[in-house]
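J.:
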Amino acid sequence: MAFGLCVLMSWGAGRAWSANGKVIYVASDIHVMDSSLVINEGSALTYYIDQDRKMLSQSTEAFQAVIDSAIIHQADVLLICGDLTKDGEKIGHERVSRMLGKALQAGIKTFVIPGNHDIRNPFAKYFDGDKTSPAEGVTAEEFASIYRDFGYSNDHLRDPHSLSYVCEPVPGLTLLAIDASQYEKNTYKAQGDVRDGSVVGGAIKPCTLDWLLVQADEAKGKGNQVMAMMHQQLINHVDSLDMIVSSAAIENGDSIARLMMEHGIHVIFTGHMHYSDAATIWNDNHAASLTDITTGSTITYPSHYRVVTVSDDCSLLTIDTHRISSLPSQPQFTQFGLQFLKNGMESTVYAASCLLWDDIEPMMKNYFKKINLGVASISFRLPKSSEEFASLAYRHLATFINDGWQALQEGNEHDQEVYERLYKELRKSIYRIMGEIIENDINFLGKPVGRSKASDLIMEKATPLLKSAFEDLTQVGTENEDRTDDLHLNISLESGKIYADSETARVIPIHSDESTEVRIYNLQGRLVGTQGNITLPAGCYIVRANNKTRKIIIK
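Numbering (the numbering used here), first residue to last: 1 to 555.
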């Protein structure tokens, strides 16, 4: 079913795109921190960053880089999947709104939704040396007012029960913008001069879900394709992740996903977890599916965003993943981001240990009861505090944690040698940890039996989760199915089917005389073709001829 796209050597104004082709930029978790929130740098800000490794000092620049790219490449639409600010500070929201105004002035339709950080957040703070003080946050009504030009104007249909809305960013394509952040349940308490509390996980209200499904039915009834965006993940992307991070996906996400696919919703863009991944859930008879495409944060390595090409009839999306590689203040932003991530990993492990200690301590005690050698009782000296646990874990697991986290963040599951090396490193690290924990091990033929059995049991439990996280393997073939390429995919909005590049490739005849040198690059700058007939997957490309440059979209 090949067709020819004639790239003529007329390099005047306008785009050389095929008719009605549209480009949508998708970013998430931009966490813009207005500079005025830092009165004086000091231990208070350092402590905050140590709890959650975000490059907050680069947040404004990083988001501006996405906007600039969208403007330069003449994108049609920009979607931001929540967590627009550090912690819902009003001045942060106002800064984001001003930045989005530049995209709007360039003709880019822009749509946002709130994330769990954005509304009624008890952690909205100023930082002043070793102290913090409350910063003004926003209510749901104020959020809608600030972003009235970015989804909340009277031009779009609003849900009366939440900040969800429906719009048509591209003719023939309906977007369901879903608010699943339960900000009305956030708690506040006074602690000296600091506002403190907790932020609740995600859920779609039953009345909001009913409203959304009606909107989807109406859109399909008039012949539109439908896709959705939401902040939290709809389904868990990593097997058993909900046992560790209960707020990764929304409540009852699997059952809601099945309802959505029955109403013609097969693609949803999400964020929240700061890594890029794509996972598919199927209905009971494996006849329909919905793919949750989550996008990493602009301020967490490797600073991903998505560029989505919409086919002429809005039936096919081609999704490519890009990274912010350079900023004015950090020309080597990729390298800076990776080093920033690794430099703070020890403090991140410590913070996670403190947060999860109430779950970790009883889990350790119950687990080690299962280690029975039959002939003798083994005693253990388990860590007695979260600090002791964190020290023990990081001392032995530093290499695995750093390299494993980098592999997870990068989002590609193709380098089997890397993952096998990680599994071996983990086994050796666990073996060393068991050597410190077990007090009276038994040796048989020179081998410590208890340590070996404990290591085997832990690896047996850990390996399925790790293979799901790194390789997307454990859920394949079941009702939940991860992909093996999270960074590039072609997906049908009509059916949810995912196509290989070869199924969407087109032959492009390049017409030019012999004196004209034509070179075609992908958006990463790699040369992919020259004069003559070449085959390219659907996507966006840069065509250069006689020192002039145009962009094309291949359907």
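All residues carry an ideal CB built from backbone N, CA and C; glycine is no exception.
Hey, V518 and Y305 are a contact pair by Cβ (cut 8 Å); roughly how many whole angstroms apart?
T.: One-based indexing of the sequence shown puts residue 518 at position 518. One-based indexing of the sequence shown puts residue 305 at position 305. No, V518 and Y305 are not in contact; Cβ-Cβ is about 29 Å, not under 8 Å.
J.: Less than 8 Å between the C-beta atoms of I113 and D179, yes or no?
T.: If you number the sequence shown from 1, residue 113 lands on position 113. If you number the sequence shown from 1, residue 179 lands on position 179. In this structure, D179 lies closer than 8 Å to I113 by Cβ.
J.: Reducing DSSP to helix, strand and coil, say where M33 ends up.
T.: What you label residue 33 is simply residue 33 of the sequence shown in a count that begins at 1. Reduced to three states, the DSSP call for M33 is coil.
J.: Between which two residues does the beta strand (DSSP E) containing A27 stretch?
T.: As a position in the sequence shown, residue 27 is number 27, starting the count at 1. Unbroken beta strand (DSSP E) run through A27: K22 to A27.
J.: Could you check where the alpha helix (DSSP H) with Y367 kicks off and where it finishes?
T.: On the sequence shown, residue 367 is found 367 positions in, with the first residue counted as 1. Counting along the chain, the alpha helix (DSSP H) containing Y367 begins and ends at M345 to F368.
J.: What number of angstroms, rounded off, separates the C-alpha of S247 from the C-alpha of G202?
T.: On the sequence shown, residue 247 is found 247 positions in, with the first residue counted as 1. On the sequence shown, residue 202 is found 202 positions in, with the first residue counted as 1. One C-alpha to the other measures close to 7 Å.
J.: On the three-pair Cβ rule with 8 Å, is the segment 349-360 touching the segment 74-91?
T.: The segment 349-360, when compared against the segment 74-91, does not touch it at the 8 Å Cβ threshold.
J.: Assign R207 to one of two classes, buried (16 or more other C-beta atoms within 10 Å of its C-beta) or exposed (fewer than that).
T.: As a position in the sequence shown, residue 207 is number 207, starting the count at 1. Reading off the sequence, residue 207 comes out as Cys, not Arg. That one is exposed.
J.: Can you grab the Cα-Cα spacing for the pair Y541 / L527, in whole Å?
T.: Within the sequence shown, residue 541 is the residue found at index 541, counting from 1. Within the sequence shown, residue 527 is the residue found at index 527, counting from 1. The straight-line gap from Cα to Cα measures roughly 10 Å.
J.: Does N443 come out as helix, strand or coil in the three-state DSSP assignment?
T.: By one-based count along the sequence shown, residue 443 stands at place 443. If DSSP states are grouped into helix, strand and coil, N443 belongs with the strands.
J.: Measure the beta-carbon distance from T280 to T291 and round it to whole angstroms, keeping in mind my assumption that it falls under 8 Å.
T.: Residue 280 sits at position 280 when you count from the first residue of the sequence shown. Residue 291 sits at position 291 when you count from the first residue of the sequence shown. Confirmed, Cβ separation roughly 5 Å.
J.: In three-state DSSP terms, what is S276?
T.: Taking the first residue of the sequence shown as 1, we reach residue 276 at position 276. Coil at S276, not helix or strand.
J.: In the DSSP assignment, find the unbroken beta strand (DSSP E) run with M227 in it and report its ends.
T.: Indexing the sequence shown from 1 puts residue 227 at position 227. Start and end: Q225 to M230.
J.: Taking the C-alpha atoms as reference points, what is the distance between K109 and E184?
T.: On the sequence shown, position 109 is the one that residue 109 refers to. On the sequence shown, position 184 is the one that residue 184 refers to. When rounded, the distance between both Cα atoms is 29 Å.
J.: Identify the continuous beta strand (DSSP E) that holds L175 and give its terminal residues.
T.: Within the sequence shown, the letter at position 175 stands for residue 175. Per DSSP, L175 belongs to the beta strand (DSSP E) from L173 to I178.
J.: With a cut-off of 8 Å on the beta carbons, I'd call T294 and M273 a contact; round off their distance for me.
T.: Position 294 of the sequence shown holds residue 294. Position 273 of the sequence shown holds residue 273. Correct: roughly 6 Å between the Cβ atoms.
J.: Under a three-way DSSP split, which group does L209 fall into?
T.: Residue mapping note: residue 209 aligns to position 209 of the sequence shown, counting from 1. Residue state, collapsed to three classes: helix.
J.: Helix, strand or coil: how does DSSP classify S162 here?
T.: As a working note, residue 162 is residue 162 in the sequence shown. Coil at S162, not helix or strand.
J.: Hey, which unbroken runs of the alpha helix (DSSP H) at 4 residues or more fall wholly within the segment 390-446?
T.: Counting whole runs of 4 or more residues, the segment 390-446 contains the alpha helix (DSSP H) stretches 416-437.
J.: Would DSSP call K109 helix, strand or coil?
T.: Within the sequence shown, the letter at position 109 stands for residue 109. Reduced to three states, the DSSP call for K109 is strand.
J.: Among the residues of its own chain, which have a CB less than 7 Å from the CB of L56, if the five just before and after it don't count?
T.: Sequence index remark: in the sequence shown, residue 56 carries index 56 (1-based). Closer than 7 Å at Cβ, skipping near neighbours: H31, M33, I49, K86 and I299.
J.: In the DSSP output, which residue or residues are listed as bridge partners for Y48?
T.: In the sequence shown, the residue the question calls residue 48 occupies position 48. According to DSSP, Y48 bridges with nothing at all.
J.: Should A135 and E89 be called a contact, given that it needs their Cβ atoms to be closer than 8 Å?
T.: Along the sequence shown, one-based indexing puts residue 135 at 135. Along the sequence shown, one-based indexing puts residue 89 at 89. Yes. Within cutoff.
J.: Here's the rule I'm using: 16 or more other beta-carbon atoms within 10 Å means buried, otherwise exposed. How should T348 be labelled?
T.: For the purposes of this step, residue 348 is taken as the residue at position 348 of the sequence shown. Flag for T348 reads buried.
J.: Find out if the Cβ-Cβ distance for the pair I401, M345 is shorter than 8 Å.
T.: Numbered from 1 along the sequence shown, position 401 holds the residue referred to as residue 401. Numbered from 1 along the sequence shown, position 345 holds the residue referred to as residue 345. Going by C-beta atoms, I401 is nearer than 8 Å to M345.
J.: Rounded to the nearest angstrom, what separates M227 and I91 at their Cα positions?
T.: Taking the sequence shown and counting its residues from 1, one reaches residue 227 at position 227. Taking the sequence shown and counting its residues from 1, one reaches residue 91 at position 91. Approximately 31 Å between the Cα atoms of the pair.
J.: Let me know if D313 comes out buried or exposed under the rule of 16 or more other beta-carbons within 10 Å of its beta-carbon.
T.: Translated into the one-based positions of the sequence shown, residue 313 becomes position 313. Exposed, since its Cβ has fewer than 16 Cβ neighbours within 10 Å.
J.: Counting only runs of 3+ residues fully inside the segment 76-150, write out the beta strand (DSSP E) ranges in chain order.
T.: Listed in chain order, the complete beta strand (DSSP E) runs (minimum 3 residues) inside the segment 76-150 are 77-80, 109-112, 125-128 and 131-134.
J.: Hey, quick one: how far does the alpha helix (DSSP H) through G450 stretch, first residue to last?
T.: For the purposes of this step, residue 450 is taken as residue 450 along the sequence shown, with counting starting at 1. Here the alpha helix (DSSP H) through G450 covers V449 to E471.
J.: Does the contact criterion of 3 or more C-beta pairs under 8 Å hold for the segment 214-221 versus the segment 252-265?
T.: Cβ pair count under 8 Å is three or more, so yes.
J.: By DSSP, does I289 sit in helix, in strand, or in coil?
T.: Counting from one through the sequence shown, the residue named residue 289 turns up at place 289. In the sequence under discussion, the amino acid at residue 289 is Ser, which differs from the Ile named in the question. Reduced to three states, the DSSP call for S289 is strand.
J.: Report the three-state DSSP secondary structure of G253 (helix, strand or coil).
T.: The residue labelled residue 253 in the question sits at position 253 within the sequence shown. DSSP places G253 in helix when its eight states are reduced to three.
J.: Which residues does DSSP list as the beta-bridge partners of G539?
T.: The residue given as residue 539 occupies position 539 in the sequence shown. Bridge partners of G539: I554.
J.: Spatial neighbours of Y431 within its chain, please: CB distance less than 7 Å, with the 5 preceding and 5 following residues excluded, ordered by chain position.
T.: Counted from its first residue, the sequence shown places residue 431 at position 431. Taken in chain order, the residues that qualify are R451 and S455.
J.: Measure the CB-CB distance between Y165 and D159 and report whether it falls below 8 Å.
T.: By one-based count along the sequence shown, residue 165 stands at place 165. By one-based count along the sequence shown, residue 159 stands at place 159. In contact: Y165 and D159 (Cβ atoms closer than 8 Å).
J.: Would you report the Cα separation of F340 and F444, rounded to the nearest angstrom?
T.: Indexing the sequence shown from 1 puts residue 340 at position 340. Indexing the sequence shown from 1 puts residue 444 at position 444. F340 and F444: Cα-Cα distance of roughly 45 Å.
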